[in-house]
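Chemist: The listed protein sequences correspond, in order, to chains S and L.
The opening position of the first sequence corresponds to residue 287 in the numbering used here, with each subsequent residue numbered one higher.
The opening position of the second sequence corresponds to residue 83 in the numbering used here, with each subsequent residue numbered one higher.
The following block contains the structure, expressed as structure tokens.
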Amino acid sequence: MREKKQRMAERDTGGSAGVATVAPQSSIFNQQSSIGSQVRLPFRTAFRISVQGIRIRLGRSLVTVSGVVLGIAFLMSNLTGQLIKNGVAAKREARQQATLMAAMVRAEIGDVRDKNLAVLVCGTLRPYETELLSTIVAAKPAQLRGLGLTQEGVTPATPSTLGAGAGVLLVLGDAPSGAFALEELTQGMTQKVVLEAEAARTYAGKAALEAEASAVRRELFFGAQHEQQKARMAKEAQQAHARTLWIVVISLLVTVIGVSNALLMSVTERFREIGTMKCLGALSSFIRLLFLIESSLIGAAGSLMGVVAGAILPLLAYGFTYSFVTVLGSLPYGWLMLAGAGSAVVGTLLAVLAAIYPATIASRMLPASALRSTV
Amino acid sequence: MSNSDLFAAEGAADKHGYVIRAVDVKKVYRMGDSETHALRGATLDIHRGEYMSIMGPSGSGKSTFFNMVGGLDKPTSGKVYMDQVDIAQLDPYELAWLRCRKVGYIFQSFNLIQVMSCLENVTLPMSFAGMDDEEAREKALGILERVGLKDRALHKPAEMSGGQQQRVAIARALANTPDILLADEPTGNLDLRTGEEIINLFSQLRKELGVTIITATHDLKMLKASDRIVWIEDGLITRVTTADALDIQVQEIH
Ligand SMILES: Nc1ncnc2c1ncn2[C@@H]1O[C@H](COP(=O)(O)OP(=O)(O)OP(=O)(O)O)[C@@H](O)[C@H]1O
Ligand SMILES: [Mg+2]
Numbered sequence: 287m288r289e290k291k292q293r294m295a296e297r298d299t300g301g302s303a304g305v306a307t308v309a310p311q312s313s314i315f316n317q318q319s320s321i322g323s324q325v326r327l328p329f330r331t332a333f334r335i336s337v338q339g340i341r342i343r344l345g346r347s348l349v350t351v352s353g354v355v356l357g358i359a360f361l362m363s364n365l366t367g368q369l370i371k372n373g374v375a376a377k378r379e380a381r382q383q384a385t386l387m388a389a390m391v392r393a394e395i396g397d398v399r400d401k402n403l404a405v406l407v408c409g410t411l412r413p414y415e416t417e418l419l420s421t422i423v424a425a426k427p428a429q430l431r432g433l434g435l436t437q438e439g440v441t442p443a444t445p446s447t448l449g450a451g452a453g454v455l456l457v458l459g460d461a462p463s464g465a466f467a468l469e470e471l472t473q474g475m476t477q478k479v480v481l482e483a484e485a486a487r488t489y490a491g492k493a494a495l496e497a498e499a500s501a502v503r504r505e506l507f508f509g510a511q512h513e514q515q516k517a518r519m520a521k522e523a524q525q526a527h528a529r530t531l532w533i534v535v536i537s538l539l540v541t542v543i544g545v546s547n548a549l550l551m552s553v554t555e556r557f558r559e560i561g562t563m564k565c566l567g568a569l570s571s572f573i574r575l576l577f578l579i580e581s582s583l584i585g586a587a588g589s590l591m592g593v594v595a596g597a598i599l600p601l602l603a604y605g606f607t608y609s610f611v612t613v614l615g616s617l618p619y620g621w622l623m624l625a626g627a628g629s630a631v632v633g634t635l636l637a638v639l640a641a642i643y644p645a646t647i648a649s650r651m652l653p654a655s656a657l658r659s660t661v
Numbered sequence: 083m084s085n086s087d088l089f090a091a092e093g094a095a096d097k098h099g100y101v102i103r104a105v106d107v108k109k110v111y112r113m114g115d116s117e118t119h120a121l122r123g124a125t126l127d128i129h130r131g132e133y134m135s136i137m138g139p140s141g142s143g144k145s146t147f148f149n150m151v152g153g154l155d156k157p158t159s160g161k162v163y164m165d166q167v168d169i170a171q172l173d174p175y176e177l178a179w180l181r182c183r184k185v186g187y188i189f190q191s192f193n194l195i196q197v198m199s200c201l202e203n204v205t206l207p208m209s210f211a212g213m214d215d216e217e218a219r220e221k222a223l224g225i226l227e228r229v230g231l232k233d234r235a236l237h238k239p240a241e242m243s244g245g246q247q248q249r250v251a252i253a254r255a256l257a258n259t260p261d262i263l264l265a266d267e268p269t270g271n272l273d274l275r276t277g278e279e280i281i282n283l284f285s286q287l288r289k290e291l292g293v294t295i296i297t298a299t300h301d302l303k304m305l306k307a308s309d310r311i312v313w314i315e316d317g318l319i320t321r322v323t324t325a326d327a328l329d330i331q332v333q334e335i336h
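In structure tokens:
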């Protein structure tokens with residue numbers, strides 16, 4: 287290996303000297319008789335040449351890119367639409383729940399306006415509980431004392447001051463309430479009504495509290511119904527999903543075929559260029575790499591554009607039908623990011639997949655094809 | 083010198099050896115049922131540093147002979163030795179190495195890579211040879227200067243005349259300082275005067291670099307500039323003459 291390097295170096299210096307000055311016939315490089323082995327080029331070189339090719343043939347490349355854009359935009363818009371629909375549906379459901387719960391609160395204490403209320407939050411609020419709280423805050427109670435949450439319109443309180451003067455105590459959140467004693471919480475309430483958004487809550491303190499009838503406990507819980515509804519919706523969503531899935535798959539297949547076709551044409555158009563490169567010492571693997579890089583760049587560019595288009599269009603469409611506030615407020619952004627990244631990867635991979643056949647054809651082209659003077 | 087001496091010259095020329103020896107090379111192209119015998123057994127020794135022209139009517143097999151001799155295609159039978167190495171024995175990596183460094187190809191239709199500038203066209207074979215970019219650039223500029231196109235280095239081939247393009251192609255063929263320049267009708271697409279410039283350039287390069295030049299041509303001026311003229315007819319080498327003997331032969335062609 288080292289010997290070969292040295293020989294190459296000799297040839298090169300011999301060469302530059304030969305151009306500048308007069309080298310006699312017996313110069314060293316003419317005496318070399320053994321044949322070396324061509325090295326694989328660094329990826330960088332292939333990348334540079336690919337980019338150059340795309341830049342120069344920009345028009346053609348853009349047509350190929352647009353094929354990818356369409357396919358990926360279709361995929362992405364389906365995913366985004368699904369996410370928006372789910373988000374809006376969840377939001378709606380939460381609002382329904384909240385409305386029901388608010389009605390229950392009203393049934394206990396009448397109009398919330400100018401009343402004293404207390405709220406205990408254990409853990410984090412569920413979406414419908416958040417809705418409920420904002421409904422109550424919006425109804426302008428005289429005072430809303432809260433423990434375990436900080437929100438505008440809620441006065442912070444300790445367990446012993448929470449109940450003072452309140453007509454109802456709401457117990458919300460997804461964590462157990464075992465740390466609190468109901469006796470302490472309901473201290474000083476004008477009417478000891480406890481509304482719980484979860485079934486079978488237990489409290490610390492005296493065990494047979496209900497027997498003492500010191501407080502009325504009611505459930506604000508619509509969980510079972512909620513689960514049923516959820517299951518029904520999931521089933522519906524799945525059916526819709528299966529329906530769109532095969533359309534998406536077909537559209538992606540069309541994209542692959544389109545890219546493949548465009549690259550095949552590009553190969554036939556460039557047969558002389560490819561042949562020439564082979565005459566100049568390009569390895570077949572290098573030619574293949576050129577086309578694979580070109581295609582992956584086209585795929586990546588097209589995918590990115592497709593992802594952006596496929597995210598924005600459904601947002602606009604749903605934004606006009608519902609409202610932008612609802613749509614943007616209920617969108618699961620994490621999932622949206624994931625869908626975008628996934629679509630971009632799929633688009634790039636499909637473009638590379640589409641390039642395998644044309645790249646193989648190109649790499650098998652004979653160097654002699656460069657010599658043919660007529661196309 | 084008799085004809086047989088010219089076919090396989092021994093003696094003085096042997097000191098430098100043969101660059102290429104073709105022994106009974108046959109090539110058959112098969113297209114479906116039909117067979118084309120493009121070469122029917124061509125034997126020829128090419129001396130190091132000589133300037134050889136190949137003559138023959140269209141379709142006689144000149145380009146086919148070129149492809150065999152330049153390692154671009156493999157013969158159906160027979161052997162081609164380049165520097166005593168049978169090129170049929172080489173693996174794809176060695177063949178690519180040989181095309182990259184041993185042989186410089188020049189084409190009738192120039193075959194410059196249109197998307198690249200002249201300079202990039204010349205540095206491309208150097209990149210293939212693994213030379214680093216800066217060094218390749220320096221060397222390419224030197225060669226372009228040698229062919230008189232240094233100031234045009236950054237132009238695209240499409241912006242240049244045929245003669246200029248062919249000179250870039252020659253610069254590219256010289257990129258890795260090859261032993262052999264193979265030119266298939268290099269003046270075929272050029273007018274008489276630019277053709278003459280190319281011929282002069284070949285003669286100078288041979289003197290300066292000692293490179294072996296093999297051309298196929300119908301160009302009388304090119305024939306006159308060459309050391310030996312090989313006549314191919316219908317896939318066979320029929321005559322090998324010196325340029326001096328040409329004057330008489332010319333009558334026969336025309
Ligand atoms: N790739 C090929 N496939 C099939 N037949 C071929 C191929 N290349 C050459 N031939 C045939 O081989 C014969 C010799 O062709 P070749 O190109 O060597 O002629 P040539 O002497 O170079 O002609 P010209 O002066 O027109 O360039 C012709 O009959 C041609 O049709
Ligand atoms: Mg020809």
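C-beta atoms are modelled at their ideal positions from N, C-alpha and C, and glycine is treated no differently.
These numbers were taken from a predicted model, which means no experiment stands behind them.
Taking L/E241 as the query, report the chain S residues whose CB atoms sit under 8 Å from its CB, ordered along the chain.
Modeler: Per Cβ cutoff of 8 Å: no residues; L/E241 is ~13 Å from chain S at best.
Chemist: DSSP puts L/H119 in a beta bridge; with which residues?
Modeler: L/V110
Chemist: Return yes when at least one heavy atom of ligand 1 lies under 7 Å from the C-beta of L/M113, else no.
Modeler: yes
Chemist: Which class does S/A505 belong to by DSSP, given the choice of helix, strand or coil?
Modeler: A small correction: the amino acid at residue 505 of chain S is Glu; Ala does not occupy that position in the sequence shown. Looking at S/E505 - three-state DSSP - the assignment turns out to be strand.
Chemist: Straight-line CA distance for S/L435 to S/I422?
Modeler: 14 Å
Chemist: Would you mind listing the alpha helix (DSSP H) stretches within the stretch 249-332 of chain L that are 4+ residues and don't spill past its ends, in chain order?
Modeler: 274-291 and 302-307
Chemist: Give me, in chain order, the residues of the same chain whose beta-carbon lies closer than 6 Å to that of L/G152; leave out the 5 immediate sequence neighbours on both sides.
Modeler: Result list for L/G152: V185 and L264, in chain order.
Chemist: For L/S145, which of L/D266, L/I295 and L/D309 has the nearest alpha-carbon?
Modeler: L/D266
Chemist: Taking L/P207 as the query, report the chain S residues whose CB atoms sit under 8 Å from its CB, ordered along the chain.
Modeler: Correct list: L566 and G567.
Chemist: Taking only heavy atoms of ligand 2 into account, decide whether any of them is closer than 7 Å to the Cβ of L/K161.
Modeler: no
Chemist: Shorter than 7 Å, the distance from the beta carbon of L/K109 to the closest heavy atom of ligand 2, or not?
Modeler: No - ligand 2 has no heavy atom lying nearer than 7 Å to the Cβ of L/K109.
Chemist: Taking only three categories from DSSP, how would you classify S/E469?
Modeler: Looking at S/E469 - three-state DSSP - the assignment turns out to be helix.
Chemist: What's the gap between the Cα of S/G432 and the Cα of S/K478?
Modeler: 16 Å
Chemist: Looking at L/D266 and ligand 3, is the gap between the Cβ and the nearest heavy atom below 7 Å?
Modeler: As for ligand 3, it is missing from this structure, which binds only ligand 1 and ligand 2.
Chemist: Applying the criterion that 16 or more other CB atoms from any shown protein chain within 10 Å of the CB defines a buried residue, is L/N258 buried or exposed?
Modeler: L/N258 comes out buried.
Chemist: For the putative contact between S/L430 and S/A625, defined by C-beta atoms under 8 Å, what is the C-beta separation to the nearest angstrom?
Modeler: Rounded, the Cβ-Cβ distance is 39 Å, inconsistent with contact.
Chemist: Determine the DSSP secondary structure at S/T410, reduced to helix, strand or coil.
Modeler: coil
Chemist: Do the stretch 357-377 of chain S and the stretch 228-239 of chain L touch if we need at least three Cβ pairs shorter than 8 Å?
Modeler: no
Chemist: Determine the extent of the beta strand (DSSP E) in which L/M198 is found, giving its start and end residues.
Modeler: Unbroken run through L/M198: none, as it is neither H nor E.
Chemist: Does the Cβ-Cβ distance between S/S571 and S/S649 come in under 8 Å?
Modeler: yes
Chemist: Write down the C-beta distance between L/S209 and S/L327 rounded to the nearest angstrom, noting that I regard them as a contact closer than 8 Å.
Modeler: Right, their Cβ atoms sit about 7 Å apart.
Chemist: Under 9 Å Cβ-Cβ, which residues of chain L neighbour S/V534?
Modeler: Those do not exist, as S/V534 stays about 36 Å from chain L at its closest Cβ, beyond 9 Å.
Chemist: Smallest Cα separation from L/L121: which of L/M164, L/I314 and L/A325?
Modeler: L/I314
Chemist: With a threshold of 8 Å between beta carbons, is L/G212 in contact with chain S?
Modeler: For L/G212, at least one C-beta of chain S is nearer than 8 Å to its own C-beta.
Chemist: L/K232 lies in the alpha helix (DSSP H); which residues open and close that run?
Modeler: Premise fails: L/K232 is in no alpha helix (DSSP H) and is neither H nor E.
Chemist: Listed from N- to C-terminal order along the chain, which residues in the stretch 169-185 of chain L have their beta-carbon within a distance smaller than 9 Å of any beta-carbon of chain S?
Modeler: I169, L172, D173, P174, Y175, E176, L177, A178, W179, L180, R181, C182, R183, K184 and V185
Chemist: I'd like to know whether the C-beta atoms of S/L481 and S/L456 end up nearer to each other than 8 Å.
Modeler: yes
Chemist: With distance defined between alpha-carbon atoms, name the residue in L/T118, L/D309, L/V162 and L/M137 nearest to L/I319.
Modeler: Nearest to L/I319 by C-alpha distance, out of L/T118, L/D309, L/V162 and L/M137, is L/M137.
Chemist: Check L/H129 in the structure and name its three-state DSSP category.
Modeler: Note: L/H129 maps to strand in three-state DSSP.
Chemist: At which residues does the alpha helix (DSSP H) containing L/S140 begin and terminate?
Modeler: Element bounds for L/S140: n/a, residue is neither H nor E.
Chemist: Where does L/S148 land, buried or exposed, given buried means 16+ other C-beta within 10 angstroms?
Modeler: Strictly speaking, residue 148 of chain L in this sequence is Phe, with Ser absent from that position. Burial check for L/F148: the Cβ neighbour count within 10 Å reaches 16 or more, so the residue is buried.
Chemist: Ligand 2 and L/A218: does the residue's C-beta get closer than 7 Å to at least one heavy atom of that ligand?
Modeler: Every heavy atom of ligand 2 is 7 Å or more from the Cβ of L/A218, so no.
Chemist: Interface residues of chain S around L/N193 at Cβ under 7 Å?
Modeler: Those within 7 Å of L/N193 in chain S are R558, T562 and A656.
Chemist: Can you tell me the Cα-Cα spacing of S/E415 and S/A388, whole angstroms?
Modeler: The straight-line gap from Cα to Cα measures roughly 10 Å.
Chemist: Who does S/M475 pair with in a DSSP beta bridge?
Modeler: Note: S/M475 sits in no beta bridge, so no partner.
Chemist: Spatial neighbours of S/G409 within its chain, please: CB distance less than 7 Å, with the 5 preceding and 5 following residues excluded, ordered by chain position.
Modeler: Counting only Cβ-Cβ distances below 7 Å, and skipping sequence neighbours, we find G459, D460 and A461.
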